Amino acid sequence: MKLESHFNLDYTLSCGQVFRWGKANGWWYGIVDGSILKVRQEGDELHFSAYPEDVEDEFIKSYFRLDDDLTNILRIINKDATINKAIQQFNGLRIVRQSVWDCLISYVCATNASIAIIESMLRNLSEMFGDEIVVNGKAFFSFPKVKKLAKASVNKIKLCNVGYRARFLSEIAKQVENNPNLLEELRNSDYLKLRDELRSLPGVGPKVADCVSLFAFDKLEAFPIDVWIRRVIYQIKGAAIPRTKDGTEKPLTVSEYTELSSFARRHYGKFAGYAQEYLFYYIRSKDR
DNA sequence: CATTGACCTGTACAT
DNA sequence: CTGCGCAGGTCAATG
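Quick note: the first sequence uses my numbering, first residue 453, plus one each step.
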C-alpha cells in the first residue's frame with residue numbers, strides 16, 4: 453500500500469502505546485482483533501499481510517490512523533521547545549486506533565507495572581484464555597474474549613501473574629458480559645463524560661480512563677499523565693515537581709492530575725493526546 | 001480535598 | 001547470593 457502522508461511504523465509501534473507487537477527479521481508482528489498482522493515499511497510503501505484472513509487497506513488505514521492530518525496536528529501542538537524537539541525526533545509517530553475491550557484490559561493491567569511486565573501479563577492472559585493461531589509454524593494467541601474472562605475464576609486469572617489486577621479484570625468482564633453494550637454505547641459521549649463513565653469501572657482511575665479515551669475512543673484531547681509525563685509538564689511549565697521532605701516525588705493526586713491535564717489541553721489544544729505520545733516517547737528515549 | 005499505605009510481580013541495581 | 005526500590009496507578013481508610 454502506498455502511503456499518502458508521512459508515517460513512521462517503528463516509532464508508532466515502539467513508543468509504548470501498544471503491547472502486543474514485536475519485530476522479527478525486519479517485520480512487525482502484531483495481534484489485532486483475532487488476526488495476526490505482519491507489517492513492514494519501506495519508505496512510502498507499507499507492506500502487510502494478515503492471518504487467518506486477509507485485511508483490506510481500509511483496515512490498516514484506520515488502525516494506524518493514516519486518516520489523521522498529521523502535518524496539521526503537529527503544527528497545532530508545536531507550542532514549546534520541548535515538544536518541538538520531540539516532533540523533530542519522532543516525526544511520523546501516529547496514535548494507534550485500538551479496540552475498546554483490548555485497550556481497556558491492557559491498561560488496567562498496566563497500572564503500577566513496567567512495560568516488560570505488562571507485556572508478560574498480556575501474553576499470559578492470551579495464552580490462557582485466547583485462541584491459538586498458528587502462522588508459519590509459530591503459535592500466536594488472540595486476546596481473551598469477554599465471555600472467556602467473565603467465566604474464569606479470579607484465582608485462575610491470577611495464574612497469569614497479574615496479581616491484584618485479577619479481581620478488576622474479572623469484575624470488568626462480568627459487567628460487560630451482563631451488559632454487552634456497556635462500552636460501545638459510551639462512544640456517543642463527549643470526552644469528559646466518557647472519562648467519568650470509564651472511571652466507574654474497577655481498576656480504572658484517571659490515567660487508565662484517559663488512555664482508553666485516547667487510544668480506543670478517538671478522544672484526541674485526552675492527555676494521560678504518568679510519572680514521566682508529569683516530569684515533562686513541570687519542566688515545560690518551569691515549575692518544580694512537588695516533593696516530600698526526603699526529596700522524593702510526591703505521589704500524583706487526583707486533583708493535581710486534573711489540574712495538569714487541563715493545563716495540557718489549554719496548552720496543546722484539541723490534539724493534546726498526540727502531544728502526550730510524542731512527549732512520552734521523547735522523555736523516555738535515551739538520546740535526548 | 002490531601003495524606004497515607006497496601007497491593008502482585010519481575011527486573012534492576014546495590015550490598 | 002540476598003535485599004530492596006520501583007515500574008505508564010488505584011483504592012480504601014483517615015483527618
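Ideal Cβ placement from N, Cα and C applies to all residues, glycine included. Because the structure is a prediction, the values reported are computed rather than measured.
- Using the C-alpha atoms, what's the distance from Pro596 back to Gly474? 19 Å
- Using the C-alpha atoms, what's the distance from Leu621 back to Val586? 27 Å
- Local Cβ density within 10 Å of Lys454, reported as buried at 16 or more and exposed below that: exposed
- Query: Of the choices Tyr559, Arg472, Trp480 and Phe459, whose alpha-carbon is the least far from that of Asp520?
  - Reply: Phe459
- Task: Provide the residue span of the beta strand (DSSP E) that contains Gly474, from first to last.
- Result: Trp473 to Ala476
- Determine the direct distance from the alpha carbon of Tyr709 to that of Tyr463, and round the result to whole angstroms. 27 Å
- Query: Within 8 Å: the Cβ of Ser605 and any heavy atom of the ligand MG?
  - Reply: The ligand MG is absent from the structure shown, which contains no ligands of any kind.
- Task: Work out the CA separation of Ile567 and Phe471 for me, nearest whole Å.
- Result: Near 8 Å, if we compare the C-alpha coordinates of Ile567 and Phe471.
- Task: Please classify Leu638: does DSSP put it in a helix, a strand, or coil?
- Result: It is helical.
- If you pair each beta-carbon of the region 686 to 703 with each one of the region 655 to 675, do three or more pairs fall below 8 Å? no
- Can the beta-carbon of Thr563 be found closer than 9 Å to that of Arg647? no
- Cα-Cα separation, Phe593 to Leu577: 9 Å
- Item | Bridge-paired residues (DSSP) for Phe500 | Val491
- Query: Which residues in the same chain have their Cβ closer than 7 Å to the Cβ of Asp496, if we skip the five residues on either side of it in sequence?
  - Reply: Its chain contains Lys454 and Leu455 as the residues whose beta carbon lies nearer than 7 Å to that of Asp496, once the 5 sequence neighbours on both sides are disregarded; these appear in chain order.
- Alpha-carbon spacing of Lys600 relative to Gly582, whole angstroms: 8 Å
- Taking DSSP as the reference, what is the three-state secondary structure of Gly482? strand
- Query: Which residues does DSSP pair with Lys454 in a beta bridge?
  - Reply: Glu497
- Item | Inter-stretch contact at 8 Å, needing at least 3 Cβ pairs: the region 520 to 533 / the region 706 to 723 | yes
- Message: By alpha-carbon positions, which one of Ser514, Met580 and Leu712 ends up nearest to Gln550?
- Response: Ser514
- DSSP three-state assignment for Lys645, whether helix, strand or coil: helix
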